[in-house]
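Peer 1: Everything in the sequence shown is counted per the working numbering, starting at 704 for the first residue and increasing by one.
So that we are looking at the same thing, I have put the structure below in structure tokens.
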Amino acid sequence: MAKRRRSQLRYEFLGQLPFSPRFRVTYVGVGILFLLVVISAFVVVSSAHHTRVQYVRLQKMERQHDQLQTTWSRLLLEESTWSSPSRIEALARKRLDMHVPDVNESRVIRP
């Protein structure tokens, strides 16, 4: 019986060696997991890089937006300055030699 038990232990030990089918399956599984981890790492790095690039692009667009807002505000102020009634009246007097009519110079036409 002791002899039989020794031979069983020997076969159990041999089942754990690198050339056994169980050991090969473990190596294949570990290899596949390692490959998946490496692919996952590349995807994470690529995603982080893409995020940084898009964030830089967003910052540039926000700066451009701020500049355009400043320009728009300046143009609105300039438009209100150029179109003020007092300025138009002064230009009409100076360049076109126009004046506000007196009461005697105005006529009311009724239908």
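Glycine is no exception: its CB is placed at the ideal position from the N, C-alpha and C atoms.
What is the DSSP secondary structure of Leu799, counted as helix, strand or coil?
Peer 2: Looking at Leu799 - three-state DSSP - the assignment turns out to be coil, as it is neither helix nor strand.
Peer 1: Let me know the alpha helix (DSSP H) ranges lying completely inside the segment 725-801, each 4 residues or longer, listed in chain order.
Peer 2: Listed in chain order, the complete alpha helix (DSSP H) runs (minimum 4 residues) inside the segment 725-801 are 788-798.
Peer 1: Would you report the Cα separation of Gln762 and Tyr730, rounded to the nearest angstrom?
Peer 2: Approximately 48 Å between the Cα atoms of the pair.
Peer 1: Spatial neighbours of Ser832 within its chain, please: CB distance less than 8 Å, with the 5 preceding and 5 following residues excluded, ordered by chain position.
Peer 2: With the chain covering only 704 through 814, there is no way to say anything about residue 832.
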